[in-house]
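Each remark here refers to the structure printed beneath this line.
Number of protein chains: 2
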Amino acid sequence: MSTDLAPTLDLDALRDRVDTVLAEFLRHTPAGISSQSRAGELTRALTDFVLAPGKRIRPLLCVLGWHAAGGAEDEEGLWRMAASLEVFHAFALIHDDIIDNSPTRRGRPSAHRAFAARQRPRPDADAFGVHAALLLGDLALVCSDALMNSAQLSTRQRQTVLPLLDAMRGEVLMGQHLDLLAAGRPTGDIDEAMTIARLKTAKYTIERPLHLGVALAGTDRDLLDLCSAYALPLGEAFQLRDDLLGVFGDPALTGKPVLEDLRSGKATVLMAVATRRATPEQRRTLHAQVGRADLGEEDCARVRRILRRTGARDTVESMITERYERALAALDTGLLAPPIAAALRQIAHRATIRTA
Amino acid sequence: MSTDLAPTLDLDALRDRVDTVLAEFLRHTPAGISSQSRAGELTRALTDFVLAPGKRIRPLLCVLGWHAAGGAEDEEGLWRMAASLEVFHAFALIHDDIIDNSPTRRGRPSAHRAFAARQRPRPDADAFGVHAALLLGDLALVCSDALMNSAQLSTRQRQTVLPLLDAMRGEVLMGQHLDLLAAGRPTGDIDEAMTIARLKTAKYTIERPLHLGVALAGTDRDLLDLCSAYALPLGEAFQLRDDLLGVFGDPALTGKPVLEDLRSGKATVLMAVATRRATPEQRRTLHAQVGRADLGEEDCARVRRILRRTGARDTVESMITERYERALAALDTGLLAPPIAAALRQIAHRATIRTA
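Those protein sequence lines, which keep their order, are chains A and B.
For what it's worth, the numbering used here labels the leading residue of the first sequence as 940, then goes sequentially.
For what it's worth, the numbering used here labels the leading residue of the second sequence as 940, then goes sequentially.
Structural data, given as structure tokens:
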């Protein structure tokens, strides 16, 4: 465990460094990925997507895991690995937006919509947009590997890190597949909604990035356990917050319309709790409205009322608070240097008490 | 260069060994990729897809490149790397079939069609099928990495092999994107059709797999150049043959309907040559028919007649022969052990004089 760290860690400075690595990597795309030819449209779109402002939560957690395990301040491989998580995340978002038919991402048109817009008035512009975005996501995944490969890890590092990376990538895909299977009419299955939240968010967004950073520095079982004790409740809280914002959020802040989750019938804990507690009449309304592709603002307002009146919204808020506190408590073991614990507390706060 | 090889290399035996590695890998999917949960549908679909009979041309070329460079008979890492190319190819095919809206693959329903069929009578079964296939392709890509990572290459091997792998993956995506941009009405742009053939086939299917095998054993500039001199014309010939089969092939043998390439308006050399040579009336017919999503059998027959009457079909046959001969000539330099050269001749023959 490192003890010679500065008393505070500046998360914004860490994020800037991640952005620098990303920008540098995208300026010199790997051989074979030309930015000159007509196909250069794809690399330019990837650059725009990846460099758009974002929380960079996965790279930050990876860097913090590394510091927590006593990794030296300036190892180039760490930064490349951390940044590669953001490129991988671009892949996940681009394909997720296709699946959810999301019109926007971070307040701008989603990738498939942007490609489609550029092809009008071609009659097949929408299909073209989806197919170009599919390839863009593929390119992001391939590039995340290329960036990871450029980290030049030692054999020891590769042996500890790569199995975690493979697991993380498999988990998020399994989560997306469960998400896809579960979408549609609300079912009241809280366990399933929680399983999806664990795979898609708790493990993918919080636990695995932290573990990757720790594993790069060495294998410290106690530290890995501590990270899990922090990451899993926090990740669940993060997803629960996301689900609330997806229905009650302010589109001007979240950058996405609040109709989307309800139209796709996303299987959230929020909806499962409401469905369980609903009166027969409320349940009929939920069944009739949620998962309807043409759901309007007024129907949406009726669903929101049910989410409030059944107490589902309050219950989810309590679940977030309980998990947030459990995550913070996990940090109080003395195993972490104070600046690391402080940074993790700050991230927990940002992830759960947020509006976007 | 290895000289102690058996006088002949049994390609079928090499392919069986690749299949054994694939089956073994898919039986023990990496942590995080469960085959137990509901999401197990995805891993089962991947196993079925990858283990379906195929030519395994990329793994075979990788193994031959390794032998050509004097690699020892039994290095586990070689077989894993070679097999990972087949899993990567599953990714490319699954996503390509989505983009081309192909109903079949290898005589069976394509992945997106198979997923859709299992969801009927769900009203959004088709969209579900595409989205599940999108995730299946993603999973194939992630699994190809996991298999590659399990090859436990040395630092030296990683430094020579990984940049080639990254380049190969970028190239095939660039080729697919150009393919997507070029599809639609025929243009007569032979150069563009040839560029796509080079990226999607010559480099991806032939040159890079050979180079990867060579690079795993060491870096031999002369041998890499020889491989390119064989691979690039052969790969072009392979694609030209594919284009002919896509229009004139027997669906019972190719496993895909002959309408597909014409309906999508695939930008092939065949079509570009015909467009250039067409009379004004023939050109009007090509423009009106090719790229029409509802093209019927009779329209198709008219297009085929034009491809024959303009001499485009014969020209493409000649181009295949010329390239096939150029590829064989590249082998006659004495740099290759006779069994390797014989195996590469056999592959060249299979790739160009085929009916499926």
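Just so it is clear, CB atoms sit at the ideal spot from N, CA and C, and this is done for glycine as well.
Asked: B:A1232 versus B:D1039 - alpha carbon distance; Found: 11 Å
Asked: Min CB distance A:R1202 to chain B below 8 Å; Found: no
Asked: Given 8 Å, three or more beta-carbon pairs between the stretch 1097-1104 of chain B and the stretch 1129-1138 of chain A; Found: no
Asked: For B:Q1221 and B:I1245, the rounded distance between their alpha carbons; Found: 7 Å
Asked: Three CB pairs or more closer than 8 Å across the stretch 1271-1282 of chain A and the stretch 1233-1240 of chain A; Found: no
Asked: CB contact below 8 Å: A:L1151 versus chain B; Found: no
Asked: Within the stretch 1219-1270 of chain B, ranges of the beta strand (DSSP E) (whole runs, at least 3 residues); Found: none
Asked: Any chain A beta carbon closer than 8 Å to B:G1109; Found: yes
Asked: Within 7 Å of chain A by C-beta, residues of the stretch 1030-1049 of chain B in sequence order; Found: H1034, I1037, I1038
Asked: Residue-chain proximity (B:D1105, chain A), Cβ-Cβ < 8 Å; Found: yes
Asked: Under the three-state DSSP convention, the category B:P1148 falls into; Found: helix
Asked: Limits of the unbroken alpha helix (DSSP H) element including B:A1170; Found: 1160-1187
Asked: Contacts of A:Q1115 in chain B (Cβ-Cβ under 7 Å); Found: L1074
Asked: Contacting positions in the stretch 1062-1073 of chain B - beta carbon closer than 9 Å to chain E; Found: Protein chains in the displayed structure are A and B, and chain E is not among them.
Asked: Whole-angstrom distance between B:P1172 and B:R1262, CA atom to CA atom; Found: 5 Å
Asked: Best match in A:D1130, A:G1174, A:D1161, A:A1064 for proximity to A:P1148 [C-alpha to C-alpha]; Found: A:G1174
Asked: CB contact below 8 Å: A:A1132 versus chain B; Found: no
Asked: For B:T1294, three-class secondary structure by DSSP; Found: coil
Asked: Partners in chain A for B:L1080, counting only beta-carbon separations shorter than 8 Å; Found: D1077, L1080, V1081
Asked: Whole-angstrom distance between A:D1084 and A:R1097, CA atom to CA atom; Found: 13 Å
Asked: For B:K994 and B:G1194, the rounded distance between their alpha carbons; Found: 14 Å
Asked: Alpha helix (DSSP H) runs contained entirely in the stretch 989-1020 of chain A, provided each spans 4 or more residues; Found: 996-1007
Asked: Three CB pairs or more closer than 8 Å across the stretch 1158-1166 of chain A and the stretch 1192-1206 of chain A; Found: no
Asked: Chain B within 8 Å of A:A1280, Cβ atoms only; Found: no
Asked: Inter-residue spacing [alpha-carbon to alpha-carbon] between A:T1224 and A:A1217; Found: 10 Å
Asked: For A:T1043, the three-state DSSP class (helix, strand or coil); Found: strand
Asked: C-alpha gap between A:L1267 and A:R1059, whole angstroms; Found: 50 Å
Asked: Beta-carbon contacts of A:R1045 that lie in its chain and below 8 Å, excluding the five residues immediately before and after; Found: A991, P992, G993, G1194
Asked: Assumed close pair B:L1165, B:H1150 - CB separation to whole angstroms, cut-off 8 Å; Found: Actually they are not in contact, since the Cβ atoms of B:L1165 and B:H1150 sit about 11 Å apart, beyond 8 Å.
Asked: Rounded straight-line distance, which links the Cα of B:R1057 to that of B:H1051; Found: 10 Å
Asked: Near the ligand FMN: A:A1055 beta-carbon under 7 Å from a heavy atom; Found: Of ligands this structure carries none, so the ligand FMN is not represented either.
Asked: Buried versus exposed call for A:H1028 [16 or more other C-beta atoms within 10 Å across all chains shown]; Found: buried
Asked: Touching by the beta-carbon criterion (3+ pairs, under 8 Å), the stretch 1015-1023 of chain A and the stretch 1061-1071 of chain A; Found: no
Asked: Inter-residue CB distance, A:T1140 and A:F1177 (contact presumed, cutoff 8 Å); Found: 6 Å
Asked: C-beta atoms of B:V1212 and B:L1201 nearer than 8 Å; Found: no
Asked: Proximal residues of chain B, C-beta to C-beta of A:D1084 below 8 Å; Found: D1084, D1105, R1108
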